[in-house]
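Report on one structure; see the data block that follows.
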Amino acid sequence: MIKLKDLANMVDHTLLKADATKSGFEQLCKEANDFGFKMVAINSYPVALCRDFLKDSEVHVGAAIGFPLGQTTIETKVFEVKDAIKNGADEIDYVINIGKLKEGDIEYIREEMQAIVNAAHEGGIISKVILENCYLTDEEKVAVCEIAKEVKPDFVKTSTGFGTGGATVEDVALMKKVVGDEVKVKAAGGIRDLATALKMVEAGAERLGTSSGIKIVEEYKKLQGAG
Numbered sequence: 002m003i004k005l006k007d008l009a010n011m012v013d014h015t016l017l018k019a020d021a022t023k024s025g026f027e028q029l030c031k032e033a034n035d036f037g038f039k040m041v042a043i044n045s046y047p048v049a050l051c052r053d054f055l056k057d058s059e060v061h062v063g064a065a066i067g068f069p070l071g072q073t074t075i076e077t078k079v080f081e082v083k084d085a086i087k088n089g090a091d092e093i094d095y096v097i098n099i100g101k102l103k104e105g106d107i108e109y110i111r112e113e114m115q116a117i118v119n120a121a122h123e124g125g126i127i128s129k130v131i132l133e134n135c136y137l138t139d140e141e142k143v144a145v146c147e148i149a150k151e152v153k154p155d156f157v158k159t160s161t162g163f164g165t166g167g168a169t170v171e172d173v174a175l176m177k178k179v180v181g182d183e184v185k186v187k188a189a190g191g192i193r194d195l196a197t198a199l200k201m202v203e204a205g206a207e208r209l210g211t212s213s214g215i216k217i218v219e220e221y222k223k224l225q226g227a228g
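Numbering (our numbering), first residue to last: 2 to 228.
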């Protein structure tokens with residue numbers, strides 16, 4: 002069974018609310034550091050602030066790019082990535098242009114992914130591609146994952162948490178089946194308890210985007226104590 006420390010280190014501790022303030026980000030960073038989470042998942046604006054809060058920590062600062070709709074140009078997303086890196090981001094999670102995928106414009110999705118992953122990797126940071134699976138057919142999910150196998154982002158990710166649905170075990174398993182060991186899988190959206198988190202890990206997820214990380218860790222501590 003997975004160790005508590007390893008489970009905690011899969012968590013991207015999330016605060017993506019429109020009304021989030023400095024005190025909220027300070028609390029987020031403190032919690033992430035105290036619980037040994039991997040990353041704080043935030044929008045682009047507070048990256049420098051959170052980097053300052055976490056300057057002596059191993060916790061990464063992750064910026065959401067083109068978030069949550071993905072409906073900005075490739076150039077805009079690349080600028081966002083570079084700006085986030087300049088402000089201290091260690092990771093980026095970007096949303097694909099879902100509409101272009103629905104139109105069947107696979108070349109656009111490939112061009113977008115290549116440009117953004119290149120910008121991230123040139124800056125020495127981790128890149129994650131958000132599919133927003135609730136809007137996609139299985140064929141479309143597979144198509145993006147196949148592109149990811151070529152382009153080599155660090156992760157493909159199920160959801161923003163702002164769509165009509167979040168991560169499912171079936172989607173995580175499908176994505177993992179396609180990308181294999183070439184790319185990792187991040188599950189996000191609707192992961193609010195230990196049982197769900199463990200199911201995602203079992204299906205192949207190596208990161209968990211959630212605002213319920215503390216609850217999940219505390220549940221696991223209780224489970225271990227009962228054992």
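C-beta atoms are modelled at their ideal positions from N, C-alpha and C, and glycine is treated no differently.
Remember, predicted model here, so these are calculated numbers, not experimental data.
Boundaries (first-last residue) of the alpha helix (DSSP H) holding residue 193 | Locating residue 193 in the sequence shown gives position 192, counting from the first residue. For residue 193, no alpha helix (DSSP H) encloses it, and the DSSP letter there is neither H nor E.
Count the other CB atoms, across all protein chains shown, that sit within 10 Å of the CB of residue 46; report buried if there are 16 or more and exposed otherwise.
-> On the sequence shown, position 45 is the one that residue 46 refers to. Answer is exposed; the Cβ neighbour count stays below 16.
Any idea which residues DSSP pairs residue 209 with across the strands?
-> Here residue 209 refers to the residue found at position 208 when the sequence shown is read from its first residue. DSSP output for residue 209 lists 12, 188 as bridge partner(s).
Do residue 83 and residue 67 have their CB atoms nearer than 7 angstroms?
-> As a working mapping, residue 83 is identified with position 82 in the sequence shown. As a working mapping, residue 67 is identified with position 66 in the sequence shown. Contact flag unset, no.
Rounded C-alpha distance that separates residue 156 from residue 12 = Indexing the sequence shown from 1 puts residue 156 at position 155. Indexing the sequence shown from 1 puts residue 12 at position 11. Looking at the backbone, the Cα of residue 156 and that of residue 12 are separated by about 14 angstroms.
Use the C-beta contact count for residue 24: other C-beta atoms within 10 angstroms, 16 or more gives buried, fewer gives exposed.
-> For the purposes of this step, residue 24 is taken as residue 23 along the sequence shown, with counting starting at 1. Here residue 24 is exposed, its C-beta having fewer than 16 other C-beta atoms within 10 Å.
Roughly how many angstroms lie between the CA atoms of residue 1 and residue 48, to the nearest whole one?
-> Since the first residue shown for the chain is 2 and the last is 228, residue 1 is missing from the structure and cannot be characterised.
Return the chain-ordered list of same chain residues with a C-beta closer than 6 angstroms to the C-beta of residue 102, the five sequence neighbours on each side being excluded.
-> Numbered from 1 along the sequence shown, position 101 holds the residue referred to as residue 102. So the qualifying residues of the chain are 110, 141.
Going by DSSP, which residues form a beta bridge with residue 18?
-> As a working mapping, residue 18 is identified with position 17 in the sequence shown. DSSP lists no partner for residue 18.
Beta strand (DSSP E) runs contained entirely in the stretch 65-152, provided each spans 3 or more residues | Correct list: 92-96, 127-131.
Taking residue 192 as the reference, give the member of 6, 2, 5, 14 with the closest Cα.
-> Locating residue 192 in the sequence shown gives position 191, counting from the first residue. Comparing C-alpha distances from residue 192 to each of 6, 2, 5, 14 shows the shortest one belongs to 14.
Are residue 63 and residue 92 touching if we call contact CB-CB under 7 angstroms?
-> The residue you call residue 63 lines up with position 62 of the sequence shown. The residue you call residue 92 lines up with position 91 of the sequence shown. The Cβ atoms of residue 63 and residue 92 lie closer than 7 angstroms to each other.
Pull up the DSSP beta-bridge partners for residue 62, would you.
-> Your numbering for residue 62 matches position 61 in the sequence shown. Here residue 62 is bridged, per DSSP, to 41.
With DSSP run on the structure shown, which of helix, strand or coil describes residue 56?
-> If you number the sequence shown from 1, residue 56 lands on position 55. In the structure shown, residue 56 sits in coil (DSSP, three-state: anything other than H, G, I, E or B).
Identity of the residues DSSP links to residue 48 by a beta bridge | As a position in the sequence shown, residue 48 is number 47, starting the count at 1. BP columns for residue 48 are empty, so no partner.
Going by the CB atoms, is the gap between residue 30 and residue 8 shorter than 7 angstroms?
-> One-based indexing of the sequence shown puts residue 8 at position 7. One-based indexing of the sequence shown puts residue 30 at position 29. No; because the gap between Cβ atoms is not below 7 angstroms, this pair is not in contact.
Nearest to residue 170 (by Cα), restricted to the options 164, 189, 161 | The residue labelled residue 170 in the question sits at position 169 within the sequence shown. It is 189 whose Cα lies nearest to the Cα of residue 170.
Which of helix, strand or coil DSSP assigns to residue 4 = Here residue 4 refers to the residue found at position 3 when the sequence shown is read from its first residue. Secondary structure of residue 4 (DSSP, three-state): coil.
Would you check if the distance between the CB atom of residue 119 and the CB atom of residue 160 is smaller than 7 angstroms?
-> Start at 1 with the first residue of the sequence shown, and residue 119 comes out as number 118. Start at 1 with the first residue of the sequence shown, and residue 160 comes out as number 159. Taking the C-beta atoms as reference points, residue 160 is found no nearer than 7 angstroms to residue 119.
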